[in-house]
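Undergrad: Just passing along the structure, written as structure tokens.
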Amino acid sequence: MIASPEQKPPVARGTLSGDGLAINVEQLSKTYSEGLVFRKNHPALRNVTLQVRAGEVFGLLGPNGAGKTTLIKVLLGILHPNRGQASVLKMPAGSKAARRKIGYLPENLVFPRHHTGRSALYFYGRLSEMSDSEIAKRENELFELVDLKGRQHEAVRRYSKGMRQRLGLAQAMLHDPDLLILDEPTDGLDPMGRSQIRDVLDQLKKRGKTVFLNSHILQEVELICDRVAIMAKGELRGIGTIDELIAQHADQRRGYLRMEVFANEARLRPFLEHYGEFQCSRITASPDAGLDSASELTRVDIRSIDQTGVDQLIDRLRQEKISILRMERSRPSLEQVFMNIVSAASQGGIS
Amino acid sequence: MKPYIAVLYDSFLESISSRVLWILLAAWLLILGALFPLSISEGETYLVSTSDVESPRVVMDQLALASTGKGTRSQRAIYAKLPEDFQQALKDRQKNGRRIFVGRLVSALNKVLEATDLYDKQAWPTAERREELKELIANDNKSPDELQRFNRRLLDLTFPSALNSSVGQATWITYAGMKFTEPFPITARQIRPFIEAGLIPTVLWLGLGIVAMMVAIVITSSMIPDMFQTGSLHLLLSKPLSRNLLYLSKYLGGCIFVSMNIAFLVIGLYLYCGIQLKIWNSGILWCIPLFIFYFMIFYSVSALSGLVWKNPIICVVVTALFWGVCFTLGFVRDLTQAFLQGPPTVQHIHVVGDMPIVGNQQGRIQFWNEETNAWQTGYGDVDGQRVVGPVYLPKTGNLYFGRAGFAPFGIRGNNATRLEMARLPELSDANVADSDEASSFSGKKWWDDIRLDSGPDLPANTTEIIPWQDSFAAVTTEGIYRFDVEAASNSEKSKVSLFGFDMKIPQADEPYKRMTSADAEYRRPMAFASANDYQLAVIYTRGKLVKLKADGGRLTNDGELSFDFPPETFASIAVQEGAAIVCPKGHTPLVVDLTSMKVVQELEAIGEGTVKRIAADHRGRVAILSTNGNVWIVSRDAEQTDWSVTKPNLPGQGDAATLAFDAKDRLWMSHAVKSVEIWSSDLSASEKSYRPRSTTPEQIFSYIINPLYMIFPKPSAINQTIQYALKNPESKLPAMNNADLDIPQIELDPWQPIWSNAIFIAVMLSLGCWHLYRQDL
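Chain order of the listed sequences is A and B. Sequential numbering of the first sequence, starting at 1, is according to this note's numbering. Sequential numbering of the second sequence, starting at 352, is according to this note's numbering.
Now the structure itself:
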């Protein structure tokens, strides 16, 4: 189900009591204004309501301009909402007390040029009201964790983007916050780096920390997050576990069927016409398949087919002695759900 | 650690890691290194310097006379030792009046100092009686230095009033021990006030106040905009630190950078002044916080611009514009004030009948014109000169005054002050014997520029002319001269006109009769005052009060009193009821009983100010005007024992520029530049006011420029605080001339610029905080 402005926005089930919530956002709206005389208003958040449970890894998804960063800024107190309420760790969002317990990694983090990795860590630690001895206790562990050990004395202006991102993560974790708000944490990282970040997030989760992350990389979110929320055009369009989100989309339940069969398209067409939209493409069998390379191999994609249809199709193909090399029934991915939601939002419709 | 301290500490780290800082520090080090060998060295010298020659005209006249075989033996002896070309020049001067420059005279006299056989017992018969010379005469093997000293003493004896006696000490400016200037005939102690009050503030102001400030503004301009980079700011704002505190900490952090530069340079200058110039003035160190404060004014503007536009270039441009506007407004205001409030300020009042005649700072003599309700200038728009007088003599119907070149600290050009005489038309009829001439004035106004005659030159170094019996007296350092009207008119008649030029024929009848003894010398600072009956007079000279008694046409010495304060202290004096009121600059005025010649009272109510004018009336009162514009009346109390002080609360009080009593004992005083008040004789009310209408430039100044200046911030006013910090109470600038006290004395108020600019900084920072609060980041 996707929320529309008229409908009550979706909320995570069973969490409305407020107990065990790390973030609680209710009916939040924020509009940016521009111009002194002819003021233009750009709504960035519209009646957003969501809850993040303590100890979970929560992913916020949405295309550019969906209002994700605006929501984070409201949670950090950088922006004042026009309407609605937000609390973080049961404290008003943006309050000093709340900020003490938040570790934040902004998108495109820029460190002052005069810092080394170590001095930057100390600077942000001091800003988080830590004493130098407290920072000293944590620094080695953190540099090791983010794989910057041995590089901490180099000037940050010589760091690669990935190194800066890892240093940013280190400073966010430095004061052992209860809540980590990470804006595109894997941005600029190589696959190795991403894997490391995932490990770090896993560790944080095991230690009971709440992670609120905002990412474009859906596969990653799928791997890391317990629950996700999808935003588009300032509205919350979906929230829940990934399974829940997929389940919410009925038309996605049947999914695709992909087959690789030894027959040409003309021979297959009469069997496939019963199952609606399909696509055939000729492919070459891989040498390790142990098949005669001269055989005609066709990939068939059927967009929507139920299990009865699949059974019937197999029966009929086998009756005609058509050999099936491979068959795959794919579940709709988060990406598909995301695309579906976002395209529906951009068309202004409700699915 | 508190987050805001972390921001400050980070700014410090940022400063010391900045290459620009190290480049600047290296530059300052180079400048200080180059300055360090520059020093002042003191030494013994008896050479004649230009400023030693008090009256070159007199010296040259006497030497020229010697060239004709006349004059004293000592003058002839000196003439004989002069270089030949100079002897020829003297003869030419005598013959054709060809001018000889002072520098040439000085170098010729210095040649005389090298002569081994200048001394002649007959020429200097009194030399042997002097202790110092006696030793030198006895010494047959004089070293070159001793010879120089010996000959210089002989020169001093020959020209006692025209040549200042050498103190034997001189100061040179040296660089790495090399002397490369002519010696200054003053000691290092005397030069110190000029360095402290003039040189150091100027160097600091130009170096730090302008050059370093510009560099600092450019360098720090990027600090606030850098903070507003999205990736940096949001992280800072996510920390438990309010955005206002973040902004203020960042602002103060910017000041740390500049503080390090300022501290380095100022401490360097402090050490330089102490080690090389022997001036350990802790005021220099006070300049560190003052210059930081000065920078904070500009940086508050730069920081606000950085918040609004987030662009370092705009920060620099806006700050430069702010600086430009402040500077221009201050400059225009100071300039207009200097023109509108300086020169027209009434500095002298002389009352003729019921009419005030004033002399202003510009050197103009002015009369009150009832018709136009304004002061009317008479006798030429002569600018830039100092008025001596005026004095009106009913006997001749003439108004006498002199105009002298302005002479700061008494260092004056040697052009003689010419006496000007003006017949006052409206008063002349009754007094002037020549009625035909008088009738020609009918219908003329006082200020009509007619009948302005030049009288005989006033005696050399005339500082003031004051009424004296039926004439006037010229006060000079060589004594008091009475103007002889008869002799002067004879002198007028001895003029002949040749080709349209007035040629003066030398005559024996001198118009100025010396009243004090011929050998008397009253060195500066000096002042003269007489009792109303002219039977008693006092002269203050170099920390000493000399009582003079009138004896026929002469004034004879009748007792002396030396004061405790330094001899270079200037003092104003007045005589009233057998007592002298002495007002030394920077000290409490004193009452000296002229019978016992003892200080009998200190007028503590007046305080340690500087008294600019003092006047005595015929009722036993003395009016004292301090440079801050307050008028005090000093009179004996009912028991006729102590002197009491009152401060009349009448219009013009607190802003007075000059004062004078008239024949009816009313007190005339000028205030508010050109206004004159007449305070009644019992000082209970103001009888009449002369308030000239404002001219258009004055109105523009009063209603536009001044109000704008008042509301605008005044960063440059910090200079006043810096001057105050550097002012050493122990080394006051000596006043050597009573004209010096006519210079408007600006009382340095160190706190006013601090308060006004602190308010400005607070407003700028509050605006920044407010902007930051309401801004979506």
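Glycine included, each C-beta is placed from N, C-alpha and C at the ideal position. Only a predicted model underlies this, so the values are computations on that prediction, with no experimental measurement involved.
With 8 Å set as the bound, which would you pick, yes or no: does the beta-carbon of A345 (chain A) sit closer than that to a beta-carbon of chain B?
TA: no
Undergrad: Just tell me which of B:A489, B:S656, B:F642, B:R408 has its CA closest to the CA of G454 (chain B).
TA: B:R408
Undergrad: Do G84 (chain A) and L174 (chain A) have their beta-carbon atoms positioned less than 8 Å apart in this structure?
TA: Not a contact, by the Cβ cut-off of 8 Å.
Undergrad: Excluding the five sequence neighbours on either side, which residues of its own chain have a C-beta within less than 8 Å of the C-beta of F1063 (chain B), listed in chain order?
TA: V676, C677, L680
Undergrad: Tell me the rounded alpha-carbon separation between I856 (chain B) and P807 (chain B).
TA: Note that I856 (chain B) scores 49 on pLDDT, short of 50, meaning its location in the model is unreliable and no value can be drawn from it.
Undergrad: Determine, using beta carbons only, whether F212 (chain A) comes closer than 8 Å to chain B.
TA: no
Undergrad: Between Q580 (chain B) and the ligand GDP, is the CB less than 7 Å from at least one heavy atom?
TA: This structure does not include the ligand GDP; it has no bound ligands of any sort.
Undergrad: Between which two residues does the beta strand (DSSP E) containing E260 (chain A) stretch?
TA: 256 to 262
Undergrad: For A377 (chain B) and V609 (chain B), I'd like the C-alpha separation in whole angstroms.
TA: 15 Å
Undergrad: Can you give me, in chain order, the residues of the stretch 126 to 152 of chain A that have a beta carbon less than 8 Å from any beta carbon in chain B?
TA: Of all residues in the stretch 126 to 152 of chain A, only R126, L127, S128, E129, M130, S131, D132 place a beta-carbon less than 8 Å from a beta-carbon of chain B.
Undergrad: Please report the distance separating the alpha-carbon of G582 (chain B) from that of R198 (chain A).
TA: 23 Å
Undergrad: Quick one: which unbroken beta strand (DSSP E) runs of 3-plus residues sit fully inside the stretch 37 to 124 of chain A? Chain order, please.
TA: 40 to 53, 57 to 61, 83 to 88, 102 to 105
Undergrad: Using DSSP with H/G/I as helix, E/B as strand and the rest coil, what is C225 (chain A)?
TA: coil
Undergrad: Grab the span of the beta strand (DSSP E) containing F501 (chain B) for me, first residue to last.
TA: Premise fails: F501 (chain B) lies in the alpha helix (DSSP H), 495 to 509, not in any beta strand (DSSP E).
Undergrad: For the stretch 571 to 592 of chain B, which residues have a beta carbon sitting closer than 8 Å to at least one beta carbon of chain A?
TA: Within the stretch 571 to 592 of chain B, the qualifying residues are D577, Q580, T581, G582, S583, H585, L586, L587, L588, S589, K590, P591, L592.
Undergrad: Cα-Cα, which of B:M866, B:D804, B:M578 is closest to R833 (chain B)?
TA: B:M866
Undergrad: Taking the alpha-carbon of K949 (chain B) as reference, which of B:D915, B:G958, B:G980 has the nearest alpha-carbon?
TA: B:D915
Undergrad: Measuring CB to CB, does P354 (chain B) end up less than 8 Å from R126 (chain A)?
TA: Inclusion of P354 (chain B) and R126 (chain A) in the CB contact set at 8 Å is warranted, their separation being smaller than that value.
Undergrad: For Y256 (chain A), go through chain B and note every residue whose CB falls closer than 9 Å to its CB, in chain order.
TA: Chain B residues near Y256 (chain A): none, gap ~41 Å exceeds 9 Å.
Undergrad: Looking only at its chain, what residues have a beta carbon closer than 7 Å to the beta carbon of Y891 (chain B), apart from the 5 residues adjacent to it on each side?
TA: M877, A878, A922, I924, V933
Undergrad: Tell me whether Y645 (chain B) is buried or exposed, calling it buried when 16 or more other Cβ atoms sit within 10 Å of its Cβ.
TA: It is buried - the Cβ of Y645 (chain B) has at least 16 other Cβ atoms within 10 Å.
Undergrad: Give the range of the beta strand (DSSP E) segment to which E953 (chain B) is assigned.
TA: 949 to 953
Undergrad: Using Cβ-Cβ distances below 7 Å, what residues of the stretch 161 to 186 of chain A are close to chain B?
TA: none
Undergrad: Determine the direct distance from the alpha carbon of T401 (chain B) to that of W726 (chain B), and round the result to whole angstroms.
TA: 40 Å
Undergrad: Which of helix, strand or coil does DSSP assign to L180 (chain A)?
TA: DSSP places L180 (chain A) in strand when its eight states are reduced to three.
Undergrad: Under 8 Å between the Cβ atoms of K296 (chain B) and T920 (chain B)?
TA: No information on residue 296 (chain B) is available, as it lies outside the stretch 352 to 1128 that chain B covers here.
Undergrad: Cβ atoms of K864 (chain B) and G1138 (chain B): under 8 Å apart, would you say?
TA: In the structure displayed, chain B extends from 352 to 1128; residue 1138 (chain B) sits before or after that span and is not available.
Undergrad: Does any residue of chain A have a CB that is nearer than 8 Å to the CB of L364 (chain B)?
TA: yes
Undergrad: Sort out for me which residues DSSP pairs C280 (chain A) with in a bridge.
TA: A:V300
Undergrad: Please name the residue or residues paired with I934 (chain B) in a DSSP beta bridge.
TA: It is worth fixing the name first, because residue 934 (chain B) is Cys in this sequence and not Ile. Partner(s): B:S923.
Undergrad: Opposite V943 (chain B) in the DSSP bridges: which residues?
TA: B:A931, B:V950
Undergrad: Between which residues of its own chain and V232 (chain A) is the CB-CB distance below 7 Å, once the five residues before and five after are set aside?
TA: Strictly speaking, residue 232 (chain A) in this sequence is Ala, with Val absent from that position. G62, P63, A66, I341, V342, A345.
Undergrad: Buried or exposed, going by whether 16 or more other CB atoms sit within 10 Å of the CB of N483 (chain B)?
TA: For the record, residue 483 (chain B) in the displayed sequence is Glu; it is not Asn. With fewer than 16 other Cβ atoms within 10 Å, it is exposed.
Undergrad: Going by other Cβ atoms of all chains shown within 10 Å of its Cβ, with 16 needed for buried, is R318 (chain A) buried or exposed?
TA: exposed
Undergrad: In chain B, which residues lie with their C-beta within 9 Å of the C-beta of L28 (chain A)?
TA: Going along chain B, no residue has its Cβ under 9 Å from L28 (chain A), so there is no contact; the nearest lies around 15 Å.
Undergrad: DSSP on V399 (chain B), reduced to helix/strand/coil?
TA: coil
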